[in-house]
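Numbering (the UniProt record's numbering), first residue to last: 1 to 144. Heads up: the structure comes next, in structure tokens.
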């Protein structure tokens, strides 16, 4: 009978050859070596400062443009001719009068006093007459 060990031979573990001076540097050399210095000023600080200056210049330019626009708009609005103002007032008056007339027609105006019947009462009376006519027509058709 064969044993399990004889069926599966143990794999061979390859060992690394000892370090020699030709293949790799010694650990002491790697440790003693100095790394290049990181230029934080050139890589981080100066680009950040440049971007901040550019943002400040943009904000100043934008503020100047906004002030100029506001001054131009103010000058334009003050210098509008009185004729244009009068015409706008006339247009608004006409619109207000048209609204008042519409309210009068609909019977909703608080300033409108009717001597007899309002539009609502007239409409109600006409609707009642219409319903009466329909009832008479149905009665005539069915013979009731």
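Just so you know, even glycine gets a beta-carbon here, dropped at the ideal spot from N, CA and C. For clarity, every value in this text was computed on a predicted model and none was experimentally measured.
Going by DSSP in three states, residue 35 sits in which element: helix, strand or coil?
Counting from 1 along the chain shown, the entry for residue 35 is found at position 35. Coil, per DSSP.
**Prompt:** What is the residue span of the alpha helix (DSSP H) that residue 82 lies within?
**Reply:** To locate residue 82, count along the chain shown from 1; it is residue 82. It spans 82-106 - the alpha helix (DSSP H) in which residue 82 sits, taken as one unbroken run.
*Which of helix, strand or coil DSSP assigns to residue 142*: Looking up residue 142 in the chain shown gives position 142. Per DSSP, reduced to three states, the secondary structure at residue 142 is helical.
query = Counting along the chain, where does the alpha helix (DSSP H) carrying residue 50 start and finish?
reply = Against the chain shown, residue 50 aligns to sequence position 50. Here the alpha helix (DSSP H) through residue 50 covers 46-78.
Using the Cα positions of residue 101 and residue 118, report the straight-line distance between them to the nearest angstrom. The count along the chain shown starts at 1 and reaches residue 101 at position 101. The count along the chain shown starts at 1 and reaches residue 118 at position 118. Whole-angstrom Cα-Cα distance: 14 Å.
Contact belief for residue 120 with residue 107 at Cβ below 8 Å, rounded distance in angstroms
Position 120 of the chain shown, counted from the first residue, corresponds to residue 120. Position 107 of the chain shown, counted from the first residue, corresponds to residue 107. Going by Cβ atoms, the distance from residue 120 to residue 107 rounds to 5 Å, so yes, they are a contact pair.
query: Whose CA, out of 29, 47 and 32, lies closest to the CA of residue 39?
result: Against the chain shown, residue 39 aligns to sequence position 39. Between residue 39 and the set 29, 47 and 32, the nearest pair of CA atoms involves 47.
(message) What does the alpha-carbon distance come out to for the pair residue 125 and residue 133?
(response) As a first step, residue 125 must be located in the chain shown, where it is residue number 125. As a first step, residue 133 must be located in the chain shown, where it is residue number 133. Their Cα atoms are separated by approximately 13 Å.
Quick check: the Cα distance between residue 92 and residue 60, rounded to an integer number of angstroms? Along the chain shown, read from residue 1 onward, the residue named residue 92 stands at position 92. Along the chain shown, read from residue 1 onward, the residue named residue 60 stands at position 60. So the two alpha carbons sit approximately 42 Å from each other.
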